[in-house]
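Residue numbers (the working numbering), protein chains in the order written: chain A, 1 to 266; chain B, 267 to 532. Here the structure is laid out as structure tokens; the discussion comes afterwards.
2 protein chains.
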Amino acid sequence: MKSGGVAEKPMAEKQAEEKSTGRARGIDRVIALMEHLHSRRAPTRIADIARDTGTPRSTMYELVNTLVEARWLELRDGDGTVYFGPAMHYYGSDYLDSVDLIRKARVEVAHIAETVGETAQFCTLEGDKYLVVLNEPGRRMFRISSEIGIKVPIPWTASGRLLVDHMSADEILRFIPPDDFVLPDGRRIAQDEFLEDIRRARTQEYVRTTALVDRFTTCLAAPVRDPAGRCIATICFVVPADTTEEAQQVMIDTLKASAERLSPGR
Amino acid sequence: MKSGGVAEKPMAEKQAEEKSTGRARGIDRVIALMEHLHSRRAPTRIADIARDTGTPRSTMYELVNTLVEARWLELRDGDGTVYFGPAMHYYGSDYLDSVDLIRKARVEVAHIAETVGETAQFCTLEGDKYLVVLNEPGRRMFRISSEIGIKVPIPWTASGRLLVDHMSADEILRFIPPDDFVLPDGRRIAQDEFLEDIRRARTQEYVRTTALVDRFTTCLAAPVRDPAGRCIATICFVVPADTTEEAQQVMIDTLKASAERLSPGR
DNA sequence: ACCGTTTGTCCGAAATATCGGACGTTATTC
DNA sequence: GAATAACGTCCGATATTTCGGACAAACGGT
């Protein structure tokens with residue numbers, strides 16, 4: 001077997017079965033299936049999906065067949081594993097084109113990633129989590145797998161500090177789940193430093209963070225604001241921490257210009 | 267109402283109901299729903315979707331609610347219309363990243379679109395139709411709406427001439443539905459000219475077409491070939507027909523270089 | 001202001017899709 | 001090479017989801 005074998009993630013079937021009986025609608029099982037694939041982000045064997053989503057095996061086989069036929073899913077490798085199919089890309093592209101801000105952001109992100117040569121992203125909030133919506137790898141491309149659509153705690157990111165800057169300190173601390181201040185390596189982000197970052201961000205109109213999620217990475221982010229001045233999204237660079245200060249200043253100016261162009265109603 | 271009102275497309279419910287009774291599984295209704303949205307490529311009212319897909323109204327409302335909750339769909343405008351939601355983008359991105367050739371093609375297409383400044387695309391065959399998989403608008407950006415995932419007759423395109431160049435003349439004419447030689451404006455593409463285009467393409471390793479689908483547009487395409495020499499995809503530019511010959515030569519060279527880099531096993 | 005049309009919700013009935021388990025086949029382990 | 005585990009398919013029963021139609025509210029044209 002090429003993938004790491006049996007995964008032990010007992011979190012996927014949260015709401016797989018909520019009522020009393022184990023029986024569920026096909027569509028609900030399909031939604032659980034797709035969410036599971038997205039969270040694993042790798043081709044997965046059908047039996048594993050069935051187990052991890054709490055779906056009966058026979059049902060899962062039946063549904064997967066249907067979805068493969070519709071090209072929502074694709075059989076991968078020898079066979080035995082499935083992953084997303086081309087139909088998802090088509091529908092996803094339709095979504096991107098249908099949202100004005102995202103369509104414009106795509107142009108900006110592609111442009112600055114190409115000209116600067118570093119990975120650029122466009123991010124928003126979804127609920128109380130931070131989310132990468134667009135990702136354009138730079139020439140370096142040291143991070144291969146996309147994080148698009150993966151929810152991340154707000155304090156882990158530079159953009160997160162901008163996306164909550166319309167709230168008061170109290171509101172912010174009530175808004176963000178306390179556990180989200182703990183980084184993947186176990187370090188805890190001090191709340192007062194976090195709030196100070198946000199305060200500074202409001203005047204500087206950009207945020208820089210270093211060695212947060214990843215020890216050797218710096219994030220630079222600028223806010224996209226609605227006419228009321230509220231940060232509705234961010235555009236950012238993800239660069240090696242040893243990037244020179246001058247280069248970073250250029251990037252910050254680039255980000256501010258792009259963010260300005262993206263801010264609606266100007 | 268902002269859209270053209272009631273649409274009269276009696277083709278969407280092809281296989282909406284195939285058996286005898288009108289009853290169908292939820293998942294099949296959802297697949298029909300998504301395909302319908304993709305073919306319309308615009309936010310659509312729920313009742314219209316129900317009618318055009320042959321789904322009972324009450325069923326469609328039920329399903330749409332479920333899908334909106336899962337963020338597969340989004341309510342648009344005031345309300346009343348639905349379209350694809352962010353989840354489709356996330357799943358679609360996962361698909362793009364999971365296919366090696368497409369992941370590489372994304373880099374190439376973005377790069378040449380940025381440097382040349384014209385719209386670049388990456389295309390393949392799906393069944394007997396041509397299909398845009400990636401589309402990166404140039405600076406001009408005169409065509410806004412994406413055609414990603416929309417099936418187009420092979421003879422209408424420059425890329426199509428490359429994608430069938432491994433077949434004999436007979437095979438090609440058997441492969442392409444006869445109606446596909448008729449352009450949107452009613453003109454008919456002569457089969458011998460079409461075959462001659464393909465023959466020339468094989469030696470030149472690129473194709474140029476002008477004023478085919480669109481009177482003022484020229485397409486330039488180069489083949490991505492597998493180790494056996496078979497064209498498995500194309501990379502192309504879509505430019506105004508009055509682009510100078512010198513500029514077009516530069517683009518052809520650019521395409522050939524990119525196509526070469528994308529061709530597996532070299 | 002009137003009236004016809006459309007929207008969105010609710011309900012009971014019944015057609016059927018989901019489920020569990022069994023079975024033959026293929027892969028993996030020792 | 002035998003034993004064990006996993007894979008994928010099939011089948012009948014029943015719990016459930018789909019469906020049609022009815023209804024109130026909102027809309028829109030005259």
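Note that beta-carbon positions come from the ideal geometry of N, C-alpha and C, so glycine has one too.
In the three-state reduction of the DSSP assignment, A/Ile189 falls in the coil class, being assigned neither a helical nor a strand state.
Remark: fewer than three beta-carbon pairs, one from each stretch, lie closer than 8 Å, so the region 509 to 527 of chain B and the region 450 to 461 of chain B are not flagged as touching. Taking 7 Å as the cut-off, the beta carbon of B/Glu384 is found closer than this to the beta carbon of B/Val505.
If you compare the alpha carbons of A/Phe84, A/Glu245, A/Thr234, A/Thr243 with that of A/Glu126, the shortest gap goes to A/Thr234. Bounds of the beta strand (DSSP E) holding A/Arg225 are 217 to 225. With 16 or more other Cβ atoms inside 10 Å of its own Cβ, B/Pro419 counts as buried.
In the DSSP annotation of this structure, the continuous segment of the beta strand (DSSP E) that includes A/Glu126 starts and ends at 119 to 126. Closest option to A/Leu101, judged by alpha-carbon separation, among A/Thr53, A/Arg225, A/His36, A/Leu37: A/Arg225.
A/Thr209 is bridged by DSSP to A/Cys219.
Close to chain A, meaning a Cβ-Cβ distance shorter than 8 Å, is no residue of the region 475 to 491 of chain B at all. Per DSSP, A/Val99 has no beta bridge partner at all. Per DSSP, the continuous alpha helix (DSSP H) segment holding A/Ala50 begins and ends at 46 to 53.
The beta carbon of A/Thr217 lies closer than 8 Å to those of Thr210, Ala211, Val238, Val239, Pro240, Ala241 in the same chain, with the five residues before and after it left out. Of the residues B/Met326, B/Asp394, B/Ile455, B/Arg496, the one whose Cα lies closest to the Cα of B/Gly346 is B/Met326. Leaving aside the five residues that flank B/Leu362 on each side, the residues in its chain whose CB is nearer than 6 Å to its CB run, in chain order, Ile368. By the 16-neighbour rule on beta-carbons within 10 angstroms, A/Pro177 is exposed. Judged by beta-carbon spacing, A/Cys231 lies beyond the 7 Å limit of A/Cys219, meaning their Cβ atoms are not closer than that value. Put simply, the CB of A/Leu255 is far from chain B, with every gap to its CB atoms at 7 Å or more.
CA-CA distance, B/Asp446 to B/Lys395, rounds to 9 Å. At the C-beta level, B/Ala376 and B/Glu402 come within 7 Å of one another. For A/Glu69, the number of other beta carbons within 10 angstroms of its own is below 16, and it is reported as exposed.
The continuous stretches of alpha helix (DSSP H) do not include A/Ala233, which lies in the beta strand (DSSP E) extending over residues 231 to 240.
Within its own chain, the residues whose Cβ lies closer than 7 Å to the Cβ of A/Leu173, once the five positions on either side in sequence are excluded, are Gln191, listed in chain order. For B/Arg342, there is no enclosing alpha helix (DSSP H); the enclosing beta strand (DSSP E) has its first and last residue at 339 to 342. Bridge partners of A/Val182 according to DSSP: A/Arg188.
Ranked by Cα distance from B/Leu528, the options B/Ala513, B/Pro489, B/Met517 are led by B/Pro489. For B/Ser434 and B/Gln515, the gap between their C-alpha atoms comes out near 29 Å. Below the 7 Å Cβ cutoff, chain A contributes Ile31 as neighbours of B/Ala336, in chain order. Taking each of A/Gly265, A/Ala221, A/Glu205 in turn and checking the Cα distance to A/Ala228, the smallest one comes out for A/Gly265. Secondary structure note for A/Glu147: it is in no beta strand (DSSP E), with a DSSP letter that is neither H nor E. Using beta-carbon distances, B/Ser529 does not count as an interface residue toward chain A, since no partner is under 7 Å.
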